[in-house]
Amino acid sequence: GENVEQHPSTLSVQEGDSAVIKCTYSDSASNYFPWYKQELGKRPQLIIDIRSNVGEKKDQRIAVTLNKTAKHFSLHITETQPEDSAVYFCAGKNSGGGADGLTFGKGTHLIIQP
Amino acid sequence: DTGVSQDPRHKITKRGQNVTFRCDPISEHNRLYWYRQTLGQGPEFLTYFQNEAQLEKSRLLSDRFSAERPKGSFSTLEIQRTEQGDSAMYLCASSVGANSPLHFGNGTRLTVT
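In the order they appear, the protein sequences are chains F and C. Under my numbering, the residues of the first sequence are numbered 1 to 114, in order. Under my numbering, the residues of the second sequence are numbered 115 to 227, in order.
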């Protein structure tokens, strides 16, 4: 099955700086990679996703890049703000295969220092 | 709020008791998923339904766990003979289809004493 590794586990950045979170996956057949943000005590919320037919996707201050050859993908947050503080999870799956469940990484606790 | 709703939000039970959780997905979503999340970890896939059919179960889903979605709408997750290791947040999610994003509920936090 799929295995998703995420790092770092904790990331502290100054407000206004950029943050980068990286994930690797093991199943070369995986083709869908979402990122979720989870604030303390709340539900995971999808912030951006990417499919394997594109290498990069951007939505305002958030971007995701995918390197299929190296089997890794990254989340980039620019001009960080205090409300970006949360736990971020990457995930992957092969949406065309028999296994439909997303495999999540262990999460990155992003701390935005004022 | 037309999002995924879960009930109860919290459940405290004694070891050995049975518990049942309910999930109401977004109304037009035909796929429904159950995940478990423990502190400091990402959600772990348990099982999913397409309409009323349970199509996949994780190896994490022991025989003490059973899930149903009898009419293809709401779903229940039952844990029999609870153990302390079952303490976790149980998250439900739904999606329109196989290649669509998952929308999570707020979860049911289970504490087994």
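All C-beta atoms, glycine included, are put in the ideal place defined by N, C-alpha and C.
First through last residue of the beta strand (DSSP E) which encompasses residue i
i	result
P151 of chain C	The sequence given here has Gln at residue 151 of chain C, not Pro. Run containing Q151 of chain C: 145-151, per the beta strand (DSSP E) assignment.
D121 of chain C	119-121
P184 of chain C	No beta strand (DSSP E) holds P184 of chain C; DSSP gives it neither H nor E.
Q14 of chain F	10-14
Q164 of chain C	158-164
L138 of chain C	Residue identity check: residue 138 of chain C is Asp in the sequence provided, not Leu. Start and end: 133-138.
R43 of chain F	Premise fails: R43 of chain F is in no beta strand (DSSP E) and is neither H nor E.
K125 of chain C	124-127
DSSP three-state assignment for residue i, whether helix, strand or coil
i	result
P82 of chain F	helix
D59 of chain F	strand
G92 of chain F	strand
Q6 of chain F	strand
Q198 of chain C	helix
Residue closest to residue i, alpha-carbon to alpha-carbon, out of the options
i	options	result
S141 of chain C	C:N132, C:E158, C:F179, C:S209	C:S209
Y147 of chain C	C:E170, C:K128, C:T134, C:G117	C:E170
F159 of chain C	F:T103, F:L11, F:A70	F:T103
CA-to-CA distance, residue j to residue i, given in whole angstroms
i	j	result
P157 of chain C	P44 of chain F	9 Å
P184 of chain C	Y32 of chain F	29 Å
L46 of chain F	W35 of chain F	6 Å
L175 of chain C	N67 of chain F	33 Å
S26 of chain F	G92 of chain F	10 Å
D84 of chain F	A19 of chain F	10 Å
E79 of chain F	I112 of chain F	10 Å
C137 of chain C	E56 of chain F	34 Å
S201 of chain C	K125 of chain C	10 Å
Proximity test, Cβ basis, 9 Å: residue i and chain B
i	result
K42 of chain F	Of the chains in the structure shown, none is chain B; the protein chains are F and C.
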